[in-house]
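For reference, the structure is listed below as structure tokens.
Number of protein chains: 2
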Amino acid sequence: MANSPTGDSVIGRVVRLLNAFDRQQPSMTLSGLAHRAALPLTTAHRLVEELVKYGLIERDPDGQLRVGLRLWELAARGSRALTLREIALPYMEDVQAAVHRYTTLAILDHGSVLYLERLSAPDSALENALDAGHIAQRAPVHSTSSGLVLLAYSPSALQEEVLAGPLEKVTGETITDPQVIRRHLAEIRQRGYAAIPGIAVKEWTGIAVPVFGAGNNIAAVLNATVPRGETNVPFTLPALLTAAHGISRALGADSGPARPRRR
Amino acid sequence: MANSPTGDSVIGRVVRLLNAFDRQQPSMTLSGLAHRAALPLTTAHRLVEELVKYGLIERDPDGQLRVGLRLWELAARGSRALTLREIALPYMEDVQAAVHRYTTLAILDHGSVLYLERLSAPDSALENALDAGHIAQRAPVHSTSSGLVLLAYSPSALQEEVLAGPLEKVTGETITDPQVIRRHLAEIRQRGYAAIPGIAVKEWTGIAVPVFGAGNNIAAVLNATVPRGETNVPFTLPALLTAAHGISRALGADSGPARPRRR
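Order-wise, the sequence lines are chains F and X. If you're matching positions, the first sequence starts at 1 in the UniProt record's numbering and goes up one per residue. If you're matching positions, the second sequence starts at 1 in the UniProt record's numbering and goes up one per residue.
Below you can see the structure in the form of structure tokens.
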């Protein structure tokens, strides 16, 4: 593999280029891209030309670069993210229809919460407040109800890895004491859901329930976000539990009550 | 760029590897992957090791390889496919709720129909018959109502390129005579939709309506598929036109009637 003077391989440099694009900045000039990817302009130019040739990066009519449709196509066709999302989507629509709340599906990946899907009324007030819930965005595990549910049903080794930190304070109420988090995880396993106000966004409460797959292992988490302080949890929770049970069944979890199993 | 003896660059070989995965075969062994990508096993091994390191390819516990979640994440974050899909999804749900039909959103890309989203009842009989309508799958332009709508509102040069063929017969009723297709395109522009039975799957009719974006250019096509011979078109078409109008408005097309403009 041809390595650059900095030791990066071609694949490593391509990943740095693609990683420079995000929701806040989905398109940019070549020099902007080189800067964000921390690559020399000549290197970026040469790689981008080839990525454009294969459709992995696209050039807008005004010369701005963006992630190519072909990359999405390659990624989506065989992806387990998409399989899970396709299975979950009808059930998420049911939740959305029943409770009209911002609803997300997420998994635990490389130590953070990765959002695979979200449904939201176009004028959702939460939409702007909560960037993390957007598709393909990540959030810290300890700072969302979704993350804490995923963690509660994960193997102890993974729990300890996350609890070893760093545990950033996302809001003033984000729980960063490993002992307090451990108590929450135990409570989540006992109750079968999490509904912890203010840890991700001050004014909102995420209600999160586990989705199980084959072998009754945790496969994903379904979350609806409700305004804090309202009595929305008792109304929203049964809708989420119902949908999560449906998704779990579709994923091949044991039938029977959706009650989570103690580890 | 380090080229192989066959002239492929690293990026070219990576694309060949990723392209080997699809919906029918989302996971495979290293030797299976090397074979499908037409790469020497040693080359495939070296590249796959590095792709796994970056999460672009994942190795299942049983050693099978599949497209990595990280690739999906990189592709999804800045992608215009996802933006369009996110905007369209609520309107697609409205159609689904109203008419309970297999509903897809597609665009024209590199001379074929690329499906960005689909909604379907889990037990849809069509699901198995129509592989093309799955997310990130492609279909020939001339053999679907969606493709003909996309073509009808495309520039003449692109139309002629597609009509120059090859025009494969997907079913016995697929229209392959360029003159007949031209008449259909004129009729679609006049009517504002396509509903041509049997050209993609013998027993079904795709009903397709255009979605316009900024400058009232064609941006996508919305399609619902109904059993052929039933009187479903008059019932389904208004739901599609309504949703397509909403998506067009959200994409910044001129407000006013959703009537397509003659070129």
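Every residue, glycine too, gets a C-beta built ideally from N, C-alpha and C. From a predicted model like this one, the values you see are computed outputs, not experimental measurements.
Does DSSP put residue i in a helix, in a strand, or in coil?
i, result
"ASN217(F)", "coil"
"residue 288(X)", "In the structure as shown, chain X begins at 1 and stops at 263. Residue 288(X) is therefore absent and cannot be evaluated."
"VAL170(X)", "coil"
"ILE188(F)", "helix"
"TYR102(X)", "strand"
"TYR91(X)", "helix"
"GLU203(F)", "coil"
"ALA253(X)", "coil"
"PRO234(F)", "helix"
"THR83(X)", "helix"
"PRO155(F)", "coil"
"ILE175(F)", "coil"
"SER120(X)", "coil"
"ARG138(F)", "strand"
"ALA164(F)", "coil"
Between residue i and the ligand MG, is the CB less than 7 Å from at least one heavy atom?
i, result
"PRO155(F)", "As far as ligands go, the structure on display features none, and thus does not contain the ligand MG."
At a CB-CB cut-off below 8 Å, which residues of chain F make contact with residue i?
i, result
"ASN19(X)", "LEU74"
"LEU108(X)", "Within chain F, no residue comes near LEU108(X); the closest Cβ sits about 11 Å away, beyond 8 Å."
"ARG23(X)", "ARG77 and GLY78"
"GLU86(X)", "ILE135"
Beta-carbon within less than 8 Å of residue i's beta-carbon, same chain only, minus the 5 sequence neighbours each way: which residues are those?
i, result
"LEU84(X)", "LEU105, ILE107, LEU116, ALA219, ALA220 and LEU251"
"ASP123(X)", "In this prediction, ASP123(X) has a pLDDT of 49, which is less than 50 and means its spatial position is unreliable; what the coordinates show is noted afterwards. Taken in chain order, the list of residues that qualify is empty."
"ARG13(F)", "SER4, ALA37, LEU39, THR43 and LEU47"
"LEU241(F)", "GLY192, TYR193, VAL209 and ALA258"
"ILE135(X)", "TYR115, LEU116, GLU117 and ARG118"
"GLU161(X)", "GLY111"
"ALA195(F)", "SER145, THR205, GLY206, ILE207, ALA208, VAL233 and LEU237"
Counting only the same chain and skipping the five closest in sequence on each side, list residues whose C-beta sits under 7 Å from that of residue i.
i, result
"ARG228(X)", "PRO197, GLY198, GLU203, TRP204 and THR205"
"LEU119(F)", "MET92, GLU93, GLN96 and THR103"
"ALA76(X)", "LEU82"
"PHE235(F)", "VAL99"
Which bits of chain X does residue i rub up against, with CB to CB less than 7 Å?
i, result
"TYR193(F)", "The contacting residues do not exist; TYR193(F) stays about 25 Å from chain X at best."
"ARG66(F)", "GLY78 and ARG80"
"LEU105(F)", "What LEU105(F) touches in chain X: nothing, since even the nearest Cβ is about 13 Å away."
Taking Cβ-Cβ distances shorter than 9 Å, what residues in chain X pair up with residue i?
i, result
"GLU161(F)", "Within 9 Å Cβ-Cβ: nothing; GLU161(F) doesn't reach chain X, min ~17 Å."
"LYS39(F)", "According to the sequence displayed, residue 39(F) carries Leu and not Lys. Residues of chain X passing the Cβ test: none, with the nearest at roughly 14 Å."
"GLU93(F)", "GLU93, GLN96, ALA97 and LEU119"
For residue i, return the contacting residues in chain X, with the cut-off set at a CB-CB distance below 8 Å.
i, result
"PRO54(F)", "Note that residue 54(F) is Tyr in the sequence shown here, rather than Pro. ILE11, GLY12 and VAL15, listed in chain order."
"LEU82(F)", "TRP72, ILE135 and ALA136"
"LEU114(F)", "LEU69 and GLU73"
Give me, in chain order, the residues of the same chain whose beta-carbon lies closer than 6 Å to that of residue i; leave out the 5 immediate sequence neighbours on both sides.
i, result
"ALA88(X)", "LEU105 and ILE247"
"GLY68(X)", "GLY55, LEU56, ILE57 and GLU58"
"GLU173(F)", "GLY198 and ILE199"
"ALA214(F)", "GLY252"
"LEU51(X)", "ILE57"
"ALA152(F)", "LEU185, ILE188 and ARG189"
By the criterion of Cβ-Cβ separation under 9 Å, what are the contact partners of residue i in chain F?
i, result
"ASP8(X)", "What ASP8(X) touches in chain F: nothing, since even the nearest Cβ is about 11 Å away."
Name, please, each residue of chain F whose Cβ falls closer than 7 Å to the Cβ of residue i.
i, result
"PRO26(X)", "GLY78"
(request) Can you check the UniProt domain "HTH iclR-type" (8 to 69) of chain X for any beta strand (DSSP E) of at least 3 residues that lies completely inside it and give the ranges in chain order? (result) 57 to 59 and 65 to 67
- Query: For the 8 Å Cβ check, are there 3 or more pairs between the stretch 63 to 73 of chain X and the stretch 74 to 88 of chain F?
  - Reply: yes
inquiry  = Any contact between the stretch 178 to 190 of chain X and the stretch 236 to 246 of chain X? By contact I mean 3 or more CB pairs, one from each, below 8 Å.
reply    = no
Would the stretch 14 to 24 of chain F count as touching the stretch 57 to 64 of chain X if we require 3 or more Cβ pairs under 8 Å?
no
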